[in-house]
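Inspection log for the structure reproduced underneath, given as structure tokens.
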Amino acid sequence: MPTKLVVDCSTGVTTEVELTAEEIAQREADAQAAAQAKAEEEAAAAAKQAEKEAIAARLGLSAEELSTLLS
Amino acid sequence: MANTYTAIATVTVGSGGAANIEFTSIPATYTDLVVRLSARCSFAGITGNLAIEFNSSSASFSRRTARGNGSAASSTSGSDNYIGDIVGNDATGSTFSNNEIYISNYTGSGNKSYSIDLVTENNATEAWQYLVAGLWSNSAAITSIKLLPFSQSWTFNQYSTATLYGIKNS
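What follows is the structure, given as structure tokens:
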């Protein structure tokens with residue numbers, strides 16, 4: 000069973016606590032949801048990069064030339 | 000000299016690892032908070048993604064991130080509580096990340112802004128550095144801070160250490 004470390008700042012005491020079944024389920028659900036959000040973010044970034052490269056290609060520029068132009 | 004930078008609490012992960020690290024019952028007697036984190040995780044990659052929660056909430060977060068890894072740089076934004084990376088299991092052994100999380104005016108009645116800078120360590124070509132500007136759109140005073148995985152399932156490795164500091168403006 001995974002555990003978490005909880006530090007009570009009012010006492011300075013650290014306690015190692017087992018995650019509850021609910022916390023584990025939430026952890027897995029959060030991971031799935033966040034993974035999907037991150038994949039969408041990366042897909043958007045990749046689409047933007049592809050769009051840049053397509054424009055560069057129409058202008059007859061290589062990726063290196065485009066990079067130099069934008070740097 | 001005024002005592003403006005005070006270590007409130009420190010925690011070090013033991014041999015069993017830890018799914019997350021929480022600071023609770025944070026006193027309201029400071030102006031700002033800082034978390035200094037030296038961490039490594041069990042994720043099978045060069046780095047693992049880290050998230051933060053305030054008062055056990057992962058909602059109402061937004062952020063802008065600038066990052067580079069030695070060969071490329073990029074920026075991203077998101078409505079999430081992702082705060083950058085820590086060292087993962089595939090990085091050079093016994094290396095740890097160095098993360099600083101600065102939280103301004105944590106007891107104020109307005110939204111809470113935070114900034115983060117971090118580097119990961121790796122004796123190879125890929126190592127990361129991040130700058131993150133974030134906002135938690137919530138009027139509640141921050142009384143607890145949790146550090147946990149973002150979009151992944153891993154545990155903090157042994158010897159990972161987090162220290163919470165309180166900053167006073169006088």
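Those sequence lines, one after another, are chains P and F. Taken in order, the first sequence gives residues 0 to 70; the numbers are from numbering that gives the first Met the number 0. Taken in order, the second sequence gives residues 0 to 169; the numbers are from numbering that gives the first Met the number 0. All C-beta atoms, glycine included, are put in the ideal place defined by N, C-alpha and C. Just so we're clear, the structure is a prediction, and the values are computed from it rather than from any experiment.
Spatially closest choice to residue 45/F from 133/F, 111/F and 124/F, by CA coordinates: Taking the second sequence and counting its residues from 1, one reaches residue 45/F at position 46. From the listed residues 133/F, 111/F and 124/F, the smallest Cα separation to residue 45/F is found for 124/F.
CB of residue 172/F within 8 Å of CB of residue 6/P, strictly: As displayed, chain F neither begins before 0 nor continues past 169, which places residue 172/F out of reach and without an answer.
CA-to-CA distance, residue 71/F to residue 39/P, given in whole angstroms: For this step, residue 39/P is matched to residue 40 along the first sequence. For this step, residue 71/F is matched to residue 72 along the second sequence. Spanning the alpha carbons of residue 39/P and residue 71/F requires a straight line of approximately 20 Å.
Any C-beta of chain F under 8 Å from that of residue 2/P: One-based indexing of the first sequence puts residue 2/P at position 3. It does: the Cβ of residue 2/P has a partner Cβ on chain F nearer than 8 Å.
For residue 157/F, the three-state DSSP class (helix, strand or coil): For the purposes of this step, residue 157/F is taken as the residue at position 158 of the second sequence. If DSSP states are grouped into helix, strand and coil, residue 157/F belongs with coil.
Between the CA atoms of residue 53/F and residue 25/P - distance to the nearest angstrom: Counting from 1 along the first sequence, the entry for residue 25/P is found at position 26. Counting from 1 along the second sequence, the entry for residue 53/F is found at position 54. Rounded to whole angstroms, the gap between the alpha carbons of residue 25/P and residue 53/F is 16 Å.
Distance between residue 59/P and residue 34/P (C-alpha atoms, nearest Å): Within the first sequence, numbered from 1, the residue matching residue 34/P stands at position 35. Within the first sequence, numbered from 1, the residue matching residue 59/P stands at position 60. C-alpha separation (whole angstroms): 37 Å.
Under 8 Å by beta carbon: chain P residues contacting residue 19/F: The residue given as residue 19/F occupies position 20 in the second sequence. Chain P residues near residue 19/F: 3 and 4.
Short CB-CB distance (under 8 Å) between residue 75/F and chain B: The question asks about chain B, but that chain is absent: this structure's protein chains are P and F.
Backbone CA spacing between residue 143/F and residue 156/F [nearest angstrom]: The sequence position of residue 143/F within the second sequence is 144, counting from 1. The sequence position of residue 156/F within the second sequence is 157, counting from 1. It is roughly 22 Å from the alpha-carbon of residue 143/F to the alpha-carbon of residue 156/F.
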